[in-house]
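**Q** Here it is, the structure in full.
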Amino acid sequence: MALEIKHLLGLKDVSKSDITQILDAADKFYEVLNRENKTVPTLRGKTVVNLFYENSTRTRISFEMAEKRLSANPLNFSASGSSVSKGETLRDTVQNIEAMKIDMIVVRHGSAGVPKFLTECTGATIINAGDGYHEHPTQALLDMMTIRQKLGRLEGLKVAIVGDILHSRVARSNAWGMTTMGMDVTCCAPTTLLPQHTESLGVKVTTKLDEAISDADVVMLLRPQLERQTHGLFPSVREYRTYYGLDRDKMKLMRNDALIMHPGPINRGVELEAEAADCPQSVILDQVTNGVAARMAVLYLLGGGEHE
Amino acid sequence: MALEIKHLLGLKDVSKSDITQILDAADKFYEVLNRENKTVPTLRGKTVVNLFYENSTRTRISFEMAEKRLSANPLNFSASGSSVSKGETLRDTVQNIEAMKIDMIVVRHGSAGVPKFLTECTGATIINAGDGYHEHPTQALLDMMTIRQKLGRLEGLKVAIVGDILHSRVARSNAWGMTTMGMDVTCCAPTTLLPQHTESLGVKVTTKLDEAISDADVVMLLRPQLERQTHGLFPSVREYRTYYGLDRDKMKLMRNDALIMHPGPINRGVELEAEAADCPQSVILDQVTNGVAARMAVLYLLGGGEHE
Amino acid sequence: MALEIKHLLGLKDVSKSDITQILDAADKFYEVLNRENKTVPTLRGKTVVNLFYENSTRTRISFEMAEKRLSANPLNFSASGSSVSKGETLRDTVQNIEAMKIDMIVVRHGSAGVPKFLTECTGATIINAGDGYHEHPTQALLDMMTIRQKLGRLEGLKVAIVGDILHSRVARSNAWGMTTMGMDVTCCAPTTLLPQHTESLGVKVTTKLDEAISDADVVMLLRPQLERQTHGLFPSVREYRTYYGLDRDKMKLMRNDALIMHPGPINRGVELEAEAADCPQSVILDQVTNGVAARMAVLYLLGGGEHE
């Protein structure tokens, strides 16, 4: 069955049925990743351009691995050393890439809205790999995939997202997606790191960690970006760690069976300590594995690959 | 039938018969690019090294896409971070690459003559992807392919090349190739941007735009390199645009059916305005598509791939 | 027959039997490199991550070519622009990469011991592509492969290694491997470029070039790193060249049939002159070719690929 969406720009407007279909396909690709031969011929002959205007190793490699395992041809285009510096417009760059007869574009850009803009000036299928502070939908999909895999369902579960909500496209995509899936989301951060109208995301908001995590099924920590300290938004690392860093003591406030998640990369000793990152309830590395499977699912369902 | 040339160093000494054969093969690969599966097994098992000593995204990606669609193994070697900085000679670098048993080298270098030098110190097939102000032969081939595709022939057509002729390897390759194919080429630029002995290229020269474009079948705009302004070669952007930038008014000087071409990347608002870049007579994006097909043809004919 | 080792961290603890098995496999892959189609399906579907924390073109391309010729999926991860700069630990980076379900990691790092550390925190097979001043085992393997190919045996042969022994992981790996294979190794350098306890490597040591090379079957030159001149370790280039640079005069001290080797890149005019680099006894380019074959052998034997 085809998805209702033609592009993956964000989870704000993606239906429960589409999200479910992506998660179901991701579960199947997860099986493929545990085979000896992890490659399937699904997208053979298709070209996918990874258009990364922001530095990223983790997400780019995850997408590239997903593409190769679907037998697509990945082409990496990074901003440095490109025609960007020669004064070409984004529209012209993308229309040029499309004119080379490519099938899909995976795009990461520092400005919110760029993936949507690309759908307006090309005929290629667009997948958002992170745009400004807007959305990072494949991250939220892999997060929900991981929760469903571990806890058996999404509906009705309580999730606490702790950290720099204001600047986090991960928090935003999860807020949209999880509420669509019937989950109960609480965002927790110091006031300076909370957006003004968080409620419009359909989530609860608190500045108190114990309130957020005490009955959560899932606690997701976000990386505070330390450079924001100098902008007055961010308390000292020591203060942040004292109030929001997940350590052995604060883990006692959580339920024993709650999952600990993090989109990575981790700052050990800031938002979480080794005892939290490496404990049995931590599913951080499962998230990474599932990231490849979830991206394979999105590429497959939007790429119109032949069915196996 | 094999080509007379063994390497593609420039179009200066390439025969009409060889150019025709490349353009014919390019037309066939163009059909392949419009299939669902755009990959053919022609160069399976062959290794092509893309040796780029100058920054380039557009040309490198176009070659890499052509190589992958022929099922070759591309290996990208860029100057930054290479043994170049450790004092190794170009000859040693290339002989080392060749010793790894590669089949072809696609080379871009800031110095004219490097591709020819490489033929003298390696046994690999060399394809010039642009050398200094000398030649950029695959660009001229894709330009001629595009003209033939749109206008049905080359012989007898009038082409105006407008812009920084002095520093343009694109103009130079087109001048050689187009005159070989029996086309009538006029180069148009301010005096400071014209080479001293342009006539030796077998083309006409003028500083007056209306003279160049009024009866042309094709008007090809080149990107003036703005950094040359500081060297006194380049008038102000405003003056350049006034006299040589293609806008709605100057388009009225052209024939209605004349093609508008540009090798990219475009400086909108300098050498051409949106109304010229995006009008129905503009074939700029066709040039990009044809670039992949023309490069596939060159790689195929020089690479000795098995026939399909 | 499987190797005794599960990872290739260095040659210090690799048995004569394992080294022999790798060299035998390398000879077979050498045959493959001389075929028209140089690709074998041995590692199809396996993913190999090239994790390079130090700049390297030569070694990275050689590994990447070996991986592609075994039909593996290479993924390049370089330190610049990676999560390294976001404060992630090496352990977390590698566990993340492993979580994406990769099979092998080829690692180069400026710190000795990193490859061993990786075996402790991941389940992937680790191949050392150079770690600090510690080891560079695939280089020593390709060196021994080349000697055996040219001289028919290793046992009993005399090898002189000349140059910056102190900082050379190549010298160190060759010292371990060659003594294991029953070769007689002499290291030759100015006192400042010799390690304190060179004898512990099981080799002879001298500061006199004529003593080292006069009855050697093989003379291997190393690149002195010129930046060490400023640290007082390195005499002037002129003095180094006078005493240790291999030129026509010093070649007269060597046996006529002795091989001249160098791991590259070469500084012509410093450690060796053109008459030495390009003479019939020089096997420097054979080393490069054999590098691909030796790396294919290591990847194949450790990668558990299906037998052809």
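Protein chains in written order, with this note's numbering: chain A, 10 to 317; chain B, 10 to 317; chain C, 10 to 317. For each residue, glycine too, the CB sits at the ideal point set by N, CA and C. Bear in mind that the values here come from a model prediction, so they are computed numbers and not experimental data.
#1: Taking phenylalanine 86 of chain C as part of the beta strand (DSSP E), name the residues at either end of that continuous run.
#2: Which value, in whole angstroms, describes the spacing of the CA atoms of arginine 53 of chain A and asparagine 82 of chain A?
#3: Spell out the partners DSSP gives serine 291 of chain A in its beta bridges.
#4: For alanine 108 of chain B and chain C, any beta-carbon pair shorter than 9 Å?
#5: Can you find a C-beta in chain A that's less than 9 Å from the C-beta of serine 291 of chain B?
#6: Could you check the C-alpha separation between arginine 247 of chain C and glycine 278 of chain C for me, to the nearest Å?
#7: Find the nearest neighbour of asparagine 137 of chain B within the set B/Ala108, B/Phe61 and B/Thr131, judged by alpha-carbon distance.
#8: Mapping the DSSP letters down to three states, classify asparagine 6 of chain B as helix, strand or coil.
#9: Taking valine 292 of chain C as the reference, which of B/Lys159, B/Arg67, B/Asn105 and B/Cys197 has the closest Cα?
#10: Output yes if chain F places a C-beta closer than 9 Å to the C-beta of arginine 250 of chain B; else output no.
#11: For the alpha helix (DSSP H) that lysine 213 of chain B lies in, which residues bound it at each end?
#12: For a contact meaning CB atoms closer than 8 Å, what does threonine 68 of chain A contact in chain C?
#13: Return the residues of the stretch 41 to 65 of chain B that lie within a Cβ-Cβ distance of less than 9 Å from chain C, sorted by chain order.
#14: So who's on the other strand from valine 194 of chain C, going by DSSP bridges?
#15: Report the option in A/Lys261, A/Ala306 and A/Asn299 whose CA atom is closest to the CA atom of glutamate 284 of chain A.
#16: I need the boundaries of the alpha helix (DSSP H) containing alanine 35 of chain C, first residue and last residue.
#17: Which stretch, first to last residue, makes up the beta strand (DSSP E) that contains methionine 113 of chain C?
#18: Does DSSP classify alanine 11 of chain A as helix, strand or coil?
#19: Among B/Val179, B/Leu150 and B/Cys130, which residue has its Cα nearest to the Cα of aspartate 140 of chain B?
#20: I need the straight-line Cα distance from serine 91 of chain B to isoleucine 275 of chain C, nearest angstrom please.
#21: Could you tell me whether the Cβ of aspartate 295 of chain C comes closer than 9 Å to any Cβ of chain B?
#22: With 16 as the cutoff for other CB atoms within 10 Å, does serine 245 of chain C come out buried or exposed?
#23: Using 9 Å as the limit for Cβ to Cβ distance, is methionine 74 of chain C near chain B?
#24: Which two residues bound the contiguous beta strand (DSSP E) that contains alanine 138 of chain B?
#25: Name the chain A residues whose beta carbon is nearer than 8 Å to that of phenylalanine 86 of chain C?
#26: Against chain A, with Cβ distances strictly below 9 Å, would threonine 102 of chain C count as a contact?
#27: Out of A/Ala149, A/Gly273, A/Thr131 and A/His118, which one is the CA nearest neighbour of methionine 187 of chain A?
#28: Bridge partners for arginine 277 of chain A per DSSP, in chain order?
#29: Assign glutamate 63 of chain B to one of three DSSP states: helix, strand, or coil.
#30: According to DSSP, which residues form a beta bridge with leucine 230 of chain B?
#31: How should threonine 251 of chain B be labelled, buried or exposed, when 16 other C-beta atoms within 10 angstroms of its C-beta is the threshold for buried?
#32: Starting from the beta carbon of isoleucine 275 of chain C, find every residue of chain B whose beta carbon is closer than 7 Å, and list them in chain order.
#33: Cα separation between glutamate 282 of chain A and glycine 119 of chain A?
#34: Since leucine 230 of chain B contacts leucine 255 of chain B with CB under 8 Å, what's their CB separation in whole angstroms?
#35: Answer with yes or no whether the minimum CB distance from asparagine 105 of chain A to chain B is below 9 Å.
**A** Checking against the coordinates, here is how it stands:
#1: 82 to 87
#2: 8 Å
#3: A/Ile269
#4: yes
#5: no
#6: 9 Å
#7: B/Phe61
#8: There is simply no residue 6 of chain B to check, as chain B begins at 10 and stops at 317 in what is shown.
#9: B/Asn105
#10: Here chain F cannot be found, since the structure's protein chains are A, B and C.
#11: It is not in any alpha helix (DSSP H) - lysine 213 of chain B instead sits in the beta strand (DSSP E) that spans 213 to 215.
#12: Per Cβ cutoff of 8 Å: no residues; threonine 68 of chain A is ~10 Å from chain C at best.
#13: Arg53, Gly54, Lys55, Thr56 and Val58
#14: C/Val168
#15: A/Lys261
#16: 25 to 42
#17: 113 to 118
#18: coil
#19: B/Val179
#20: For serine 91 of chain B, the predicted structure reports a pLDDT of 49, less than 50, and the residue's modelled location is therefore unreliable. The matter cannot be settled from this model.
#21: yes
#22: exposed
#23: yes
#24: 134 to 140
#25: Thr66 and Ile70
#26: yes
#27: A/Ala149
#28: A/Leu281
#29: coil
#30: B/Val171
#31: exposed
#32: Glu97 and Asp101
#33: 29 Å
#34: 6 Å
#35: yes
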